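Okay, so the sequence shown: first residue is 7 according to our numbering, each after it adds one.
This report refers to the structure that appears directly beneath it.
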Amino acid sequence: MQVLTAIGNFCICSIAVGMFIEIIVMYPIQHRAYRPGIDNLLVLLIGGIPIAMPTVLSVTMAIGSHRLSQQGAITKRMTAIEEMAGMDVLCSDKTGTLTLNKLSVDKNLIEVFEKGVTQDQVILMAARASRIENQDAIDTAIVGMLGDPKEARAGIQEIHFLPFNPTDKRTALTYIDSDGKMYRVSKGAPEQILNLAYNKSEIAQKVHIVIDKFAERGFRSLGVAYQDVPDGRKESPGSPWHFVALLPLFDPPRHDSAETIQRALNLGVNVKMITGDQLAIGKETGRRLGMGTNMYPSSALLGQNKDESIADLPVDDLIEKADGFAGVFPEHKYEIVKRLQARKHICGMTGDGVNDAPALKKADIGIAVADATDAARSASDIVLTEPGLSVIISAVLTSRAIFQRMKNYTVCQIEPSG
7 MQVLTAIGNF CICSIAVGMF IEIIVMYPIQ HRAYRPGIDN LLVLLIGGIP
57 IAMPTVLSVT MAIGSHRLSQ QGAITKRMTA IEEMAGMDVL CSDKTGTLTL
107 NKLSVDKNLI EVFEKGVTQD QVILMAARAS RIENQDAIDT AIVGMLGDPK
157 EARAGIQEIH FLPFNPTDKR TALTYIDSDG KMYRVSKGAP EQILNLAYNK
207 SEIAQKVHIV IDKFAERGFR SLGVAYQDVP DGRKESPGSP WHFVALLPLF
257 DPPRHDSAET IQRALNLGVN VKMITGDQLA IGKETGRRLG MGTNMYPSSA
307 LLGQNKDESI ADLPVDDLIE KADGFAGVFP EHKYEIVKRL QARKHICGMT
357 GDGVNDAPAL KKADIGIAVA DATDAARSAS DIVLTEPGLS VIISAVLTSR
407 AIFQRMKNYT VCQIEPSG
């Protein structure tokens with residue numbers, strides 16, 4: 007609309023000047039008759055205004071929107087096409103966009119902390135603390151390690167299952183085994199599982215060393231613990247928790263992510279990785295994808311925990327130059343978008359959760375990835391129906407082609423008019 011308004015104002019001003027000159031030439035100088043002069047002025051007025059332009063541009067954008075939907079990007083408002091064409095920074099999630107979100111576990115790398123427990127027993131405990139139906143990526147990977155998924159519930163009576171939630175960051179299963187004894191197993195974020203352990207102070211250092219070792223190789227860590235419930239009540243707090251093991255979870259990059267990132271750079275779009283994983287995991291993923299390892303923890307967004315090399319660098323400059331940020335929460339995404347926009351960047355942001363909605367709304371182009379929540383879809387400008395970064399970059403390319411056609415038509419209409 008701003009473009010059409012500018013074009014309209016230009017045409018009106020040009021025609022007004024032209025008509026003024028025409029009047030001066032026809033009447034005071036050439037002394038023409040009144041009626042032929044009016045005819046000439048009407049021809050100039052009608053011919054100088056591209057009446058069909060709004061309709062043609064609207065139809066062009068509608069056709070372009072349909073083409074984008076065929077490529078897996080549904081636009082919720084027409085102007086998003088123009089903004090997508092001008093986007094120069096894309097803040098992308100790692101999991102599911104840059105990576106496959108298909109986790110795998112290397113059994114040989116499982117680090118066992120509890121004496122007398124084998125790696126196979128660790129896998130069984132983790133599988134018991136997983137859902138058998140409606141699984142997420144972690145549950146699918148863990149249960150898939152068993153020969154038969156039914157083994158996760160074989161020989162036991164399920165009493166109570168605690169599903170994952172953002173506060174506890176773990177799942178747990180209370181069950182009775184074939185001997186009639188009650189146990190509780192749990193898996194989840196290593197820090198949360200470690201906080202349960204009775205011997206936390208003794209094993210904390212070793213646990214963190216293993217977590218860092220996994221992270222340097224691009225692995226996420228999953229903690230597993232168990233406890234006895236001697237009184238046989240599901241509400242019972244049970245005996246002290248035993249920290250059993252750490253499992254390495256690997257989420258491989260998409261086969262086309264590295265190539266797509268290079269395409270984006272060639273198009274003038276800088277891709278920044280925004281991940282909730284550890285910094286070491288983000289750097290390793292960035293190295294594999296060729297997008298750089300100039301990444302920082304989310305605390306750096308608040309001016310905290312900066313390296314000496316960036317201690318004097320303002321936060322705005324840090325965000326602009328960084329390849330990505332790790333340990334990010336939804337509120338950090340909003341801050342990143344706001345500061346990039348303050349630097350006059352046209353910023354795109356991907357998201358999938360309810361808490362991502364403010365950042366998606368704030369971004370110039372909010373992009374709800376495939377399988378996003380309803381809240382994220384409502385707050386976004388574009389909804390993806392297919393996973394991966396390539397869908398977004400293809401949409402950028404198509405948007406620029408659409409915008410170029412609109413520009414060419416506009417120039418073609420104005421030049422003869424002028």
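Ideal Cβ positions, reconstructed from N, Cα and C, are used throughout, including at glycine.
Here the structure is a predicted model, which is why all the values come from computation and not from measurement.
Taking the C-beta atoms as reference points, ALA79 is found no nearer than 7 angstroms to LEU295. DSSP places ASP322 in the uninterrupted alpha helix (DSSP H) bounded by 321-327. A distance below 7 angstroms separates the beta carbons of ALA203 and PHE249. Just so you know, the alpha carbons of LYS193 and SER305 end up roughly 27 angstroms apart. Under DSSP, the beta-bridge partners assigned to LYS278 are CYS97. Looking at THR61, MET32, LYS212 and MET59, the one whose alpha-carbon comes closest to that of LEU47 is MET32. Unbroken beta strand (DSSP E) runs of no fewer than 3 residues, entirely contained in the segment 79-160, are found at 79-81 and 95-99, following chain order. Along the segment 356-395, the beta strand (DSSP E) occurs as fully enclosed runs of 3 or more residues at 371-374 and 388-390, listed in sequence order.
Counting the other Cβ atoms within 10 Å of the Cβ of VAL402 gives 16 or more, which makes it buried. As computed with DSSP, ARG226 is found in a beta bridge with LEU255. DSSP places PRO34 within a helical segment (H, G or I) once states are collapsed to three. The Cβ-Cβ distance between LYS212 and ALA195 does not fall below 7 angstroms. If you draw a straight line from the Cα of THR124 to the Cα of LEU253, it is about 13 angstroms long. Annotation: PRO259 to ASN15 spans about 50 angstroms, alpha carbon to alpha carbon. Under DSSP, CYS353 forms a beta bridge with VAL95. Assignment of GLY43 by DSSP, reduced to helix, strand and coil, places it in the helix class.
Ranked by how close their Cα comes to the Cα of LYS339, the residues ARG349, ALA365 and PRO42 have ALA365 in first place.
In its chain, beyond the 5 residues on either side, HIS248 and VAL250 have a beta carbon closer than 6 angstroms to the beta carbon of GLU120.
Counting C-beta atoms within 10 angstroms of its own C-beta, CYS353 has 16 or more neighbours from the protein chains shown and is therefore classed as buried.
Annotated three-state conformation of PHE249 is strand, per DSSP. The shortest C-alpha to C-alpha distance from ILE371 to any of PRO336, ALA39 and ALA86 is the one to ALA86. Residue pairing from DSSP places TYR302 in a beta bridge opposite PHE331. Nearest C-alpha to ASP112 among ASN205, ARG226 and GLY102: ARG226. Taking 7 angstroms as the cut-off, the beta carbon of GLY224 is found no closer than this to the beta carbon of THR299.
When the beta-carbon positions are compared, LYS278 and CYS97 come within less than 7 angstroms of each other.
When the beta-carbon positions are compared, THR146 and ASP257 stay at least 7 angstroms from each other.
If you draw a straight line from the Cα of LEU255 to the Cα of LYS108, it comes to about 10 angstroms. In the assembly as shown, ASN276 is a buried residue. Its beta-carbon has 16 or more other beta-carbons within 10 Å.
Taking 7 angstroms as the cut-off, the Cβ atoms of ALA135 and VAL149 do not count as close.
Distance from the CA of ALA264 to the CA of THR180, rounded to the nearest whole angstrom, comes to 43 angstroms.
Straight through space, the alpha carbons of ILE373 and THR66 are spaced by roughly 22 angstroms. According to the DSSP assignment, GLY194 belongs to the beta strand (DSSP E) that extends over 188-194. The DSSP-derived three-state label of ILE162 is coil. By a beta-carbon distance limit of 8 angstroms, ILE342 does not contact LEU395. Their separation comes to about 18 angstroms. Between ARG190 and VAL235, the C-beta gap is smaller than 7 angstroms, which places the two residues in contact.
Out of VAL49, MET90 and PRO60, the CA that lies nearest to the CA of ALA407 is found in MET90.
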